[in-house]
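Down below is the structure, laid out as structure tokens.
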Amino acid sequence: MTRGDKFLLAGLLLFSLLSAGALYGRWLLPQDQKKAMRAVVTVQGKVVRRIDLASGARSSFVVDGRVGSSTVEVDGARVRMLEAPCAGGICVKQSWIAHPGQSVVCIPGEILIRIEGAAPLDAVSR
Amino acid sequence: MKQRVILILGTLALLLTAGLASFRHFNADGEYSSDQFLMDTLVSIKVYGKNPDTLKAAVAKAYAEMRRIAELADSFPEPGTAAARSSDVCRINAQAGKGPVRVDGDILGMLVLAKKYCELSDGAFDVTVGPLMDLWGFGGKNPHLPPADRIASTLARVDSKDLVLNQQEGTVFLRRAGMKLDLGAVAKGYATEKALQVLKNHGIEKALIDAGGNIRVLGRNTHDAPWRIGIKDPRKSDAIVAVLQMEDASAVTSADYYRGFEAGGKRYHHILDPRTGYPAGQNMSVTVVTRDAGLADILSTVFFVLPPEKAMAMAGKMTGVELVLVTADRRILHTPSLRGTVQVQPESGYRYDQGR
Chain L
2 MTRGDKFLLA
12 GLLLFSLLSA
22 GALYGRWLLP
32 QDQKKAMRAV
42 VTVQGKVVRR
52 IDLASGARSS
62 FVVDGRVGSS
72 TVEVDGARVR
82 MLEAPCAGGI
92 CVKQSWIAHP
102 GQSVVCIPGE
112 ILIRIEGAAP
122 LDAVSR
Chain C
16 MKQRVILILG
26 TLALLLTAGL
36 ASFRHFNADG
46 EYSSDQFLMD
56 TLVSIKVYGK
66 NPDTLKAAVA
76 KAYAEMRRIA
86 ELADSFPEPG
96 TAAARSSDVC
106 RINAQAGKGP
116 VRVDGDILGM
126 LVLAKKYCEL
136 SDGAFDVTVG
146 PLMDLWGFGG
156 KNPHLPPADR
166 IASTLARVDS
176 KDLVLNQQEG
186 TVFLRRAGMK
196 LDLGAVAKGY
206 ATEKALQVLK
216 NHGIEKALID
226 AGGNIRVLGR
236 NTHDAPWRIG
246 IKDPRKSDAI
256 VAVLQMEDAS
266 AVTSADYYRG
276 FEAGGKRYHH
286 ILDPRTGYPA
296 GQNMSVTVVT
306 RDAGLADILS
316 TVFFVLPPEK
326 AMAMAGKMTG
336 VELVLVTADR
346 RILHTPSLRG
356 TVQVQPESGY
366 RYDQGR
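Read top to bottom, the protein sequences are chains L and C.
Count along the first sequence starting at 1, add 1, and that's the number in this note's numbering.
Count along the second sequence starting at 1, add 15, and that's the number in this note's numbering.
So this is what it looks like as structure tokens:
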């Protein structure tokens, strides 16, 4: 076996190991990274806005829900419902969310703010 | 010669691994997810499979099934709406003390199950709790603490012994005037289970339904591992007390942190003990893990109202029913067979003695 053969063999083995890593390790699966840090706002199931949470910018905007206008505030990587027209205000009390899988839900207004990306849990029972 | 054999074997190993990896990549199931506001909550459905059209059609049918059950079971529709006309529960309530009402098989099914667990729990759970829920105002916008004498007099109209179910005729009768059904602890779980059956009938093998925190999973998750379902910390927002690993099962939680109000420095929540007329006070949160989401919904309320030790004993006698409790005195308890599938978060600050 020449020196070249040995390098080739070592290279092949390394490549195989990496492939095996890609095959069994979830950290290399592309679908987990694609949607990193973006929030989506829907009203009655329809997407009304996508927010880039990686840009670090501050902003706020108005969302017209089923019972009136709500204000959503974005501060860098976090987002919250700032104002809501309903009596309960559960969504406002919940305050900031910043992690994939988290959501703010306004049931009377049928508004949903959800942070996309790979969450550590599939769901939370509550 | 020997070197050549090694080289060939190495190449074969590489091709096999790369081939498997690309097969798995291109053969991976697609995901379809959707959110709808239903039954006063957000219902999210996620399904996996090869054919996007099938996934989409199945999810639409599943929502339609939930909506149908929601309309049949709605106790508080706005008068004059389609919901008011199609609600079996409203018709039963309107005929209380007058006569039996012919109802949909699903309403009868829910009531048969509810009555069974009312009897098994000696009345700790009762779907005829409607008059009490109204008295406390939990169906409306302004819940409040009623006077004690009103609670006592209203209790007289809460008793499933006067809920007459006729399975041959398909009818339901509340024997006394002023009685009222409330399927708040039954309908969401039942509808979730029906929706899952719709998905299954469309050939779907991997799904997650999250109906406002009532969870039902089918198959394994997208990483081909058991679904990882958290249990919310009853006192800290965005924190969890435990993680469950689940396949083809449901997890439903009844807890004291919803729909509450404060009066005289005390907090009152909406899960009433039908025997006393006041909110049940010995548990903060009760999670039932069992296959059928309808049963899980009912049992989570039954076990929430019972004292922790009684709840554990009752769950221990049932097959395929698991229980995770966070008690009012800050203990975490779970049924012994959950050991290994439940991970209690040590930093949560509750007392936990390694699964009794």
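Cβ atoms here follow ideal geometry from the backbone N, Cα and C, with glycine treated the same way.
Note to self: Out of L:Arg115, L:Lys94, L:Ala88, which one is the CA nearest neighbour of L:Pro101?
What the structure shows: That would be L:Arg115, whose Cα lies nearest to the Cα of L:Pro101.
Checklist line | Within the segment 55-127 of chain C, ranges of the alpha helix (DSSP H) (whole runs, at least 4 residues) | finding: 67-88, 97-101, 103-109
Checklist line | Partners in chain L for C:Leu376, counting only beta-carbon separations shorter than 7 Å | finding: Because chain C in this structure spans residues 16 to 371, residue 376 of chain C falls outside the shown range and cannot be described.
Notebook entry, point to check: In this structure, what does DSSP give as the bridge partners for C:Thr268?
Noted result: C:Thr302, per the DSSP bridge assignment.
Notebook entry, point to check: How many angstroms separate the CA atom of L:Ser71 from the CA atom of C:Leu340?
Noted result: 36 Å
Checklist line | CB contact below 8 Å: C:Asp141 versus chain L | finding: Taking Cβ atoms only, chain L never reaches closer than 8 Å to C:Asp141, which makes this a no.
Next item on the list: Return the CA-CA distance between C:Leu196 and C:Ser175, expressed in angstroms with no decimal places.
Entry: 9 Å
Note to self: Applying the 10 Å Cβ sphere with the 16-neighbour rule, what's the burial state of L:Gly12?
What the structure shows: exposed
Notebook entry, point to check: Is the CB of C:Pro363 under 8 Å away from at least one CB in chain L?
Noted result: Pro is not the amino acid found at residue 363 of chain C; the sequence shown has Ser there. So no, C:Ser363 is outside the interface.
Next item on the list: Would you mind stating whether C:Asp103 and C:Asp119 have Cβ atoms separated by less than 8 Å?
Entry: yes
Notebook entry, point to check: If you draw a straight line from the C-alpha of C:Asp312 to the C-alpha of C:Asn229, how long is it?
Noted result: 8 Å
Notebook entry, point to check: In three-state terms, what does DSSP make of C:Lys251?
Noted result: Assignment of C:Lys251 by DSSP, reduced to helix, strand and coil, places it in the coil class.
Check: Would you say C:Leu22 reaches chain L, if we count a Cβ-Cβ gap shorter than 8 Å as a contact?
Finding: yes
Check: Among C:Phe153, C:Val256, C:Asp248, C:Gly204, which residue has its Cα nearest to the Cα of C:Leu287?
Finding: C:Phe153
Notebook entry, point to check: Three or more C-beta pairs closer than 8 Å, one from the segment 321-333 of chain C and one from the segment 208-218 of chain C: is that the case here?
Noted result: The segment 321-333 of chain C, when compared against the segment 208-218 of chain C, does not touch it at the 8 Å Cβ threshold.
Next item on the list: With DSSP as the reference, please indicate the residues paired to C:Ala257 in a beta bridge.
Entry: C:Ile246, C:Val359
Notebook entry, point to check: Any idea what DSSP makes of C:Gln212, helix, strand or coil?
Noted result: helix
Margin query: Comparing C-alpha positions only, which one of C:Asp141, C:Gly309, C:Cys105 sits nearest to C:Met81?
Written below: C:Gly309
Check: Per DSSP, L:Val42 is paired with what?
Finding: L:Arg50, L:Ile114
Check: Does DSSP put L:Cys107 in a helix, in a strand, or in coil?
Finding: strand
Checklist line | Whole-Å CB distance - C:Thr316 paired with C:Ala226, under 8 Å assumed | finding: About 15 Å separates the two Cβ atoms, so there is no contact after all.
Item checked: Status (buried if at least 16 other CB within 10 Å, exposed otherwise) for C:Gly245 -> buried
Checklist line | Inter-stretch contact at 8 Å, needing at least 3 Cβ pairs: the segment 18-25 of chain C / the segment 252-272 of chain C | finding: In this structure the segment 18-25 of chain C does not lie against the segment 252-272 of chain C, because fewer than three pairs of beta carbons, one per stretch, are closer than 8 Å.
Margin query: For a contact defined as C-beta to C-beta under 9 Å, what are the partners of C:Gly155 on chain L?
Written below: The premise fails here: C:Gly155 is roughly 11 Å from chain L at the closest Cβ pair, so nothing lies under 9 Å.
Notebook entry, point to check: Does the Cβ-Cβ distance between C:Leu178 and C:Lys130 come in under 8 Å?
Noted result: yes
Margin query: As a quick exercise: from L:Cys107, L:Val80, L:Ser61, pick the residue whose alpha carbon is nearest that of L:Cys92.
Written below: L:Cys107
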